[in-house]
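Visitor: Heads up: the sequence shown is residues 905 to 1054, going by our numbering. All C-beta atoms in this analysis are idealised placements derived from N, C-alpha and C, irrespective of residue type, glycine included.
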Amino acid sequence: MARLGPLIRIARARVDEQRRALAERLHRSEDLAAECRRIQAAIAKEAALIEASVAESDGSAGPEESVSLHFGTFVAQAEADRLDNQAEAARLEAEIDAAREALTKSYRDLRAIELTEQARLRKLADAEVRRDRSALDETAVTRHRRRAAP
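#1: Tell me which residues share the same chain as Asn989 and place their Cβ nearer than 6 Å to its Cβ, disregarding the 5 neighbours each side in the sequence.
#2: CB Ala982 to CB Ile947, shorter than 7 Å?
#3: Counting only the same chain and skipping the five closest in sequence on each side, list residues whose C-beta sits under 7 Å from that of Arg929.
#4: What is the residue span of the alpha helix (DSSP H) that Leu908 lies within?
#5: In its own chain, which residues sit with a C-beta less than 7 Å from the C-beta of Ala1029, not counting the 5 before and 5 after it?
#6: Alpha carbon to alpha carbon, how far is Glu950 from Ser957? Give it in angstroms, no decimals.
#7: For the candidate residues Arg907, Arg942 and Phe975, whose alpha-carbon lies nearest to that of Glu955?
#8: Please classify Ser1038: is it buried, with 16 or more other beta-carbons within 10 angstroms of its beta-carbon, or exposed?
#9: Assuming contact is defined by CB atoms lying nearer than 7 Å, are Glu1058 and Leu908 in contact in what I supplied?
#10: Assuming Ile943 and Asp985 form a contact by the criterion Cβ under 8 Å, report the distance between their Cβ atoms to the nearest whole angstrom.
#11: Is it the case that the Cβ atoms of Leu1014 and Ala915 are separated by a distance below 7 Å?
#12: With 16 as the cutoff for other CB atoms within 10 Å, does Val919 come out buried or exposed?
#13: So, with DSSP's three-state summary, where would you put Ala1052?
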């Protein structure tokens, strides 16, 4: 039976490569989640600034028209960015699931190859033990014949 060492090294390299790819996707997912939180915080901050400017004014008039226009544009752009990030996060989540499945399959393949190699080595060790035992038995039989011979 052929040695499986090179195949094991290739399988380990594949597992490591897929593990790194999964880690990259997970980091990207975390970055997208952080970006969504940053956008939400920016919207809340802008809203608080507008509320503060209204509170500073006499209260009878609303915020200036330019501030309202700016805020509306800002919120629309921020919401568009947030929706883009959510769509990207959903796509990335599908990629993460696929990467996890591929990693699991590669690990199973690696483990199967490792178990096959262990079985092969165990058979070789058993065969060597049998050969050694057979040689010792042959030596013992020869010694017994010499002692039994007149």
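Guide: On the basis of the data shown:
#1: Position 85 of the sequence shown holds residue 989. Closer than 6 Å at the Cβ level, and outside the excluded window around Asn989, lie Leu936, Glu939 and Cys940.
#2: Looking up residue 982 in the sequence shown gives position 78. Looking up residue 947 in the sequence shown gives position 43. Contact flag set, yes.
#3: Locating residue 929 in the sequence shown gives position 25, counting from the first residue. Same-chain partners within the cutoff: Leu996, Glu999, Ile1000 and Ala1003.
#4: As a first step, residue 908 is located in the sequence shown; it is residue number 4 there, counting from the start. The continuous stretches of alpha helix (DSSP H) do not include Leu908, and DSSP gives it neither H nor E.
#5: By 1-based counting over the sequence shown, the position of residue 1029 is 125. Sequence-distant Cβ neighbours of Ala1029 in its own chain, meaning closer than 7 Å and more than five residues away, do not exist here.
#6: To locate residue 957, count along the sequence shown from 1; it is residue 53. To locate residue 950, count along the sequence shown from 1; it is residue 46. Whole-angstrom Cα-Cα distance: 11 Å.
#7: As a position in the sequence shown, residue 955 is number 51, starting the count at 1. Minimum Cα distance to Glu955 is reached at Phe975.
#8: Locating residue 1038 in the sequence shown gives position 134, counting from the first residue. So Ser1038 ends up on the exposed side.
#9: Here the chain has residues from 905 to 1054 only, and residue 1058 is not among them.
#10: The residue you call residue 943 lines up with position 39 of the sequence shown. The residue you call residue 985 lines up with position 81 of the sequence shown. At roughly 6 Å, the Cβ-Cβ gap stays under 8 Å, so Ile943 and Asp985 are in contact.
#11: Position 110 of the sequence shown, counted from the start, is the residue given in the question as residue 1014. Position 11 of the sequence shown, counted from the start, is the residue given in the question as residue 915. Closer than 7 Å, so yes.
#12: Here residue 919 refers to the residue found at position 15 when the sequence shown is read from its first residue. Per the 10 Å Cβ criterion, buried.
#13: On the sequence shown, residue 1052 is found 148 positions in, with the first residue counted as 1. Ala1052 sits in a helix when the DSSP states are folded into three classes.
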